[in-house]
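Residues in the sequence shown are numbered from 45 upward in steps of one, following the working numbering. Note that the Cβ used here is the ideal one computed from N, Cα and C, for glycine as well. First comes the structure, then the notes that go with it.
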Amino acid sequence: MNIRTREAVVATAVSLTLGLGACGQGGESVDSSSAEGGLSIGLLLPENQTARYEQSDRPLITEKIKELCGRCTVKYANAHDDRAVQQQQMESMINRGVDVLILDAVDIRGARSMVKEAKDAGVPVIAYDRPVEGPIRAYVSHDPVAIGRLQGEALLSAQGARGDGGRVVRVDGPQQSAGVVSPFDSGAQSVLKGKVEISKVYRAEAWNAGSAYAAMSGAVAAEGTDIDGVWAGNDVIAGGVIAALKDARVRPLPLVVGQDAELPAVQRIVSGEQAMTVYKPYPPEAEAAAKFAVAVGRGEDIDRIAEDEVDISTAKDVPAVLITPIALTAQNIKDTVVKDGMYTIDQICTPRYRPTCERAGLTG
45 MNIRTREAVV
55 ATAVSLTLGL
65 GACGQGGESV
75 DSSSAEGGLS
85 IGLLLPENQT
95 ARYEQSDRPL
105 ITEKIKELCG
115 RCTVKYANAH
125 DDRAVQQQQM
135 ESMINRGVDV
145 LILDAVDIRG
155 ARSMVKEAKD
165 AGVPVIAYDR
175 PVEGPIRAYV
185 SHDPVAIGRL
195 QGEALLSAQG
205 ARGDGGRVVR
215 VDGPQQSAGV
225 VSPFDSGAQS
235 VLKGKVEISK
245 VYRAEAWNAG
255 SAYAAMSGAV
265 AAEGTDIDGV
275 WAGNDVIAGG
285 VIAALKDARV
295 RPLPLVVGQD
305 AELPAVQRIV
315 SGEQAMTVYK
325 PYPPEAEAAA
335 KFAVAVGRGE
345 DIDRIAEDEV
355 DISTAKDVPA
365 VLITPIALTA
375 QNIKDTVVKD
385 GMYTIDQICT
395 PRYRPTCERA
405 GLTG
């Protein structure tokens with residue numbers, strides 16, 4: 045994937061994997077916010093193990109669409125990490141006459157035929173959070189290469205893997221798009237390559253802590269306990285990784301990095317169990333997706349919305365908005381997730397974490 049701002053051109057890699065949301069009967073629901081004559085906008089999210097999608101993305105996108113278009117209807121479906129289910133949901137929405145689709149794909153490569161089917165039916169697709177292959181109309185995400193780069197920099201800068209030949213274990217979720225190079229990997233490798241030893245990828249069978257625990261346990265059995273850092277696919281994976289490391293009595297606890305700034309991860313950072321996560325402000329991403337969807341549905345020019353352009357293997361010069369991610373550590377919790385209203389100090393500093401919160405300067 046090539047990413048270009050209006051001022052510069054940056055060559056990067058291609059794709060990625062991740063996602064979430066919740067659902068009603070059959071994985072679908074309708075937010076009844078429209079009157080006759082409004083747009084019908086479909087929202088397809090990939091899985092429901094990562095908290096961000098149901099708690100942030102879905103409501104933020106829906107609210108922004110309602111703000112921009114009071115007569116619009118948002119139809120929602122969650123695939124529960126099943127590509128076949130997502131294809132059925134997408135076909136159902138097309139048959140139900142949606143005007144635009146916002147798609148966070150389970151399988152970015154496998155979704156190619158779905159995107160083409162939608163285009164052939166006259167339904168433009170906005171790729172959300174992952175650069176889906178196929179004739180997409182626009183793309184919105186946090187800059188995935190920058191996310192990987194932040195993780196790599198954290199692995200190098202903190203204790204353990206400092207570029208002196210440290211050993212990093214890679215633990216990720218299931219690979220849904222075989223043969224696709226993740227831009228997360230490209231970003232991290234640009235920092236880590238040649239400086240640390242990186243293991244093969246140990247994959248959890250699903251995006252949940254239990255599967256991540258099993259994957260990390262397998263990594264310890266294969267790699268031994270001489271581990272300086274763990275590069276986790278996201279914060280759910282990081283939680284399972286840390287539990288497995290504790291149970292395996294790996295001491296000192298290796299440096300663990302994740303992404304998504306989930307509340308348990310922020311608490312683990314306060315307590316010192318997790319070194320960092322990548323904070324991806326969700327409101328600007330959701331707002332851009334809503335703006336794209338309404339403008340495309342109305343047939344308006346979207347250049348005024350797009351700040352960037354991306355190239356993927358199946359489409360060139362795709363209008364895009366790429367949000368800048370932020371490395372979240374104990375030092376900037378107040379200035380990021382608390383300041384932005386994502387969490388309150390009371391939510392973070394429960395009785396269990398009150399002593400470490402005090403030491404971190406979050407309370408008192």
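Closest Cα partner of SER243 within the set SER230, ALA266, GLU107 and SER234
Along the sequence shown, read from residue 1 onward, the residue named residue 243 stands at position 199. Of the listed residues, the one whose Cα sits closest to SER243 is ALA266.
Buried or exposed for ASP345, please, with buried defined as at least 16 other CB atoms from any protein chain shown within 10 angstroms of its CB.
Locating residue 345 in the sequence shown gives position 301, counting from the first residue. Exposed, because fewer than 16 other Cβ atoms sit within 10 Å of the Cβ of ASP345.
For GLU91, count the other beta carbons within 10 Å of its own beta carbon; 16 or more makes it buried, fewer makes it exposed. Which is it?
Taking the first residue of the sequence shown as position 1, residue 91 is located at position 47. Looking at its Cβ environment, which holds 16 or more other Cβ atoms inside 10 Å, GLU91 is buried.
Measure the alpha-carbon distance for TYR397 versus ALA309 and round it to whole angstroms.
Here residue 397 refers to the residue found at position 353 of the sequence shown. Here residue 309 refers to the residue found at position 265 of the sequence shown. About 12 Å.
For GLU317 versus LEU297, is the C-beta spacing smaller than 8 Å?
Start at 1 with the first residue of the sequence shown, and residue 317 comes out as number 273. Start at 1 with the first residue of the sequence shown, and residue 297 comes out as number 253. Going by C-beta atoms, GLU317 is nearer than 8 Å to LEU297.
Is ARG140 buried or exposed, if buried means 16 or more other CB atoms sit within 10 Å of its CB?
The residue you call residue 140 lines up with position 96 of the sequence shown. ARG140 is exposed by the Cβ-count criterion.
Apart from the five residues on each side of it in sequence, which residues of its chain come closer than 7 Å, Cβ to Cβ, to GLN311?
Taking the first residue of the sequence shown as 1, we reach residue 311 at position 267. Contacts found: ILE392 and TYR397.
Go through the segment 101-141 residue by residue and report every complete run of the beta strand (DSSP E) that reaches 3 residues or more, in order.
117-122
To which residues of the same chain is ALA259 closer than 7 Å at the C-beta, ignoring the five residues directly before and after it?
Reading the sequence shown from its first residue, position 215 is the one you call residue 259. Only VAL215, TYR246, ARG247 and ALA248 meet the Cβ criterion.
Look up GLY273 in the DSSP assignment and say whether it is helix, strand or coil.
Walking along the sequence shown from the start, residue 273 turns up at place 229. Strand at GLY273.
By DSSP's criteria, GLU241 is part of a beta bridge. Which residues make up the other side?
The residue you call residue 241 lines up with position 197 of the sequence shown. Answer is ARG211.
Cα-Cα separation, THR302 to LYS335
One-based indexing of the sequence shown puts residue 302 at position 258. One-based indexing of the sequence shown puts residue 335 at position 291. One point to set straight first is that residue 302 is Gly, not Thr, in the sequence displayed. Roughly 29 Å between the two C-alpha positions.
Could you check how far apart the C-beta atoms of GLY231 and PRO188 are, in whole angstroms? I think they sit under 8 Å.
In the sequence shown, the residue the question calls residue 231 occupies position 187. In the sequence shown, the residue the question calls residue 188 occupies position 144. That pair is a contact at about 7 Å.
Check each candidate in ILE281, LYS237, GLY385 and SER234 and name the one with the smallest Cα separation from TYR257.
Translated into the one-based positions of the sequence shown, residue 257 becomes position 213. The option with the nearest alpha carbon to TYR257 is ILE281.
First and last residue of the beta strand (DSSP E) that includes LYS160?
As a first step, residue 160 is located in the sequence shown; it is residue number 116 there, counting from the start. Taken as a continuous stretch (DSSP letters only), LYS160 belongs to no beta strand (DSSP E), being part of the alpha helix (DSSP H) at 156-164.
On a Cα-Cα basis, can you pick out the residue from MET386, ASP379, GLY385 and GLU197 that is closest to GLY405?
For the purposes of this step, residue 405 is identified with residue 361 of the sequence shown, where counting begins at 1. Of MET386, ASP379, GLY385 and GLU197, the residue nearest in Cα terms is ASP379.
Could you tell me which residues DSSP puts in a beta bridge with LYS326?
Counted from its first residue, the sequence shown places residue 326 at position 282. Reading the sequence as shown, one finds Tyr at residue 326 and not Lys. For TYR326, which the question treats as bridged, DSSP gives no partner whatsoever.
Quick check on SER157: buried or exposed, where buried means 16 or more other Cβ atoms within 10 Å of its Cβ?
As a position in the sequence shown, residue 157 is number 113, starting the count at 1. Exposed, because fewer than 16 other Cβ atoms sit within 10 Å of the Cβ of SER157.
With DSSP collapsed to three states, give me the class of GLY86.
Taking the first residue of the sequence shown as position 1, residue 86 is located at position 42. Residue state, collapsed to three classes: strand.
Who are TYR172's beta bridge partners in DSSP?
On the sequence shown, position 128 is the one that residue 172 refers to. TYR172 is bridged to VAL184.
Hey, would you say ASP352 sits closer than 8 Å to VAL365, going by beta carbons?
Position 308 of the sequence shown, counted from the first residue, corresponds to residue 352. Position 321 of the sequence shown, counted from the first residue, corresponds to residue 365. A contact, by the Cβ cut-off of 8 Å.
Between VAL338 and VAL294, what straight-line distance do the alpha-carbon atoms span, to the nearest angstrom?
Here the question's residue 338 lines up with position 294 in the sequence shown. Here the question's residue 294 lines up with position 250 in the sequence shown. The straight-line gap from Cα to Cα measures roughly 51 Å.
Put MET320 into one of helix, strand or coil per three-state DSSP.
Here residue 320 refers to the residue found at position 276 of the sequence shown. Strand at MET320.
With which residues is VAL362 paired in a DSSP beta bridge?
Within the sequence shown, the letter at position 318 stands for residue 362. For VAL362, which the question treats as bridged, DSSP gives the partners VAL354.
Does any CB atom of chain D fall closer than 8 Å to the CB of VAL280?
Chain labels in this structure do not include chain D; a single protein chain is all it has.
Just confirm the distance between the C-beta atoms of ALA253 and GLY217, as a whole number of angstroms; I'd bet it's less than 8 Å.
The residue given as residue 253 occupies position 209 in the sequence shown. The residue given as residue 217 occupies position 173 in the sequence shown. That pair is no contact at about 11 Å.
Counting only the same chain and skipping the five closest in sequence on each side, list residues whose C-beta sits under 7 Å from that of GLY204.
Within the sequence shown, the letter at position 160 stands for residue 204. The predicted position of GLY204 is uncertain, since its pLDDT is 49 and thus under 50; a value taken from the coordinates is nonetheless stated next. Counting only Cβ-Cβ distances below 7 Å, and skipping sequence neighbours, we find GLY210, ASP272, GLY273, PRO298 and LEU299.
Can you list, in chain order, the residues of its chain with a C-beta nearer than 8 Å to that of THR394? Leave out the 5 residues immediately preceding and following it.
Locating residue 394 in the sequence shown gives position 350, counting from the first residue. These residues qualify, in order along the chain: GLN311.
Can you tell me which of the three DSSP states TYR257 falls into?
Residue numbering aside, residue 257 sits at position 213 when the sequence shown is read from its first letter. TYR257 falls in the helix class under three-state DSSP.
Using 8 Å as the threshold, is the segment 108-115 in touch with the segment 130-145, meaning 3 or more CB pairs across them?
no
To the nearest angstrom, how far is it from the Cα of THR388 to the Cα of ILE313?
Along the sequence shown, one-based indexing puts residue 388 at 344. Along the sequence shown, one-based indexing puts residue 313 at 269. Near 15 Å, if we compare the C-alpha coordinates of ILE313 and THR388.
Which residue marks the beginning of the alpha helix (DSSP H) containing LEU289, and which one marks its end?
Along the sequence shown, read from residue 1 onward, the residue named residue 289 stands at position 245. Per DSSP, LEU289 belongs to the alpha helix (DSSP H) from 279-291.
Per DSSP, cross-strand counterpart(s) of ASP384:
Counting from 1 along the sequence shown, the entry for residue 384 is found at position 340. BP columns for ASP384 are empty, so no partner.
Do you know how far the Cα of VAL144 is from the Cα of ASP126?
Within the sequence shown, numbered from 1, the residue matching residue 126 stands at position 82. Within the sequence shown, numbered from 1, the residue matching residue 144 stands at position 100. The straight-line gap from Cα to Cα measures roughly 22 Å.
Under 8 Å, do ALA182 and ALA350 count as touching if we go by C-beta distance?
The sequence position of residue 182 within the sequence shown is 138, counting from 1. The sequence position of residue 350 within the sequence shown is 306, counting from 1. Yes, the pair counts as a contact, with Cβ atoms nearer than the cut-off.
Quick check on VAL225: does DSSP put it in helix, strand or coil?
Locating residue 225 in the sequence shown gives position 181, where the first residue counts as 1. Coil, per DSSP.
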